[in-house]
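Taking it in order: structure first as structure tokens, then the write-up.
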Amino acid sequence: MRTRLKLTRDGDAFIARLTPSQVSAMYEALSYLRHRDIDDTALTLLVGARRDAVDAVLERLVGPHTESRDFRFATQELHMVHSALTAAPTMFLVRDGAFLQEPFHIRLGFYRENLDALAHAIVQAATEG
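Residues in the sequence shown are numbered consecutively from 12, following the numbering used here.
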């Protein structure tokens, strides 16, 4: 997965040029957290938004995508995506703190380091853009 991305400011929002794999990683992380058996309070703690806001972003990210394209994100939506990328892996920890790589990869279709790198790239691109 390409781990760099470009964000361009557009007023209070950002335009993100995303590859198909980046969109898919964002979608899978958000979708996984959205469809867990948790209430709105827990979801808000994980991603900073309630189900309706998460659903709105998921609708825009749903694929399949075959080429890079631009997505417009409000700052809060970009925060939601970043939070999902960093929170999803924590759902695959066992009691001793070990990370379960195989179930994570099977469910999300990516390795943890892919999501970590994409989350890092979002912050880096936002500070540069």
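By construction, the Cβ of each residue, glycine as well, lies at the ideal position given by its N, Cα and C atoms.
Bridge partners for residue i per DSSP, in chain order?
i: ASP21; result: ALA24
i: ALA85; result: ALA24
i: PHE110; result: LEU104
i: LEU29; result: ARG80
Between residue i and residue j, which are expected to be in contact by the criterion C-beta below 8 Å, what is the C-beta distance as a whole number of angstroms?
i: LEU41; j: ARG28; result: That belief does not hold up - the Cβ atoms of LEU41 and ARG28 are roughly 19 Å apart, past 8 Å.
i: ALA137; j: LEU56; result: With 8 Å as the limit, ALA137 and LEU56 do not qualify as a contact, their Cβ atoms being about 22 Å apart.
Compare the C-alpha of residue i against each of the options and name the closest.
i: ASP63; options: GLU78, ARG45, LEU56, ALA53; result: ARG45
i: LEU89; options: LEU69, SER79, ARG106, ASP107; result: LEU69
i: GLN33; options: ARG20, GLY120, GLU139, ALA137; result: GLY120
i: LEU8; options: GLU139, ALA36, GLY108; result: Coverage of the chain is limited to positions 12 through 140, which leaves residue 8 absent and any answer about it impossible.
Next on the checklist: Measuring CB atoms only, is the region 115-122 touching the region 80-97, in the sense that at least three cross pairs come out at less than 8 Å?
Outcome noted: no
Item to check | In chain order, each alpha helix (DSSP H) run of at least 4 residues that lies wholly inside the region 44-83 | outcome: 51-58, 62-72
Checklist entry - Touch check for the region 121-133 and the region 68-80: three-plus C-beta pairs under 8 Å? => result no
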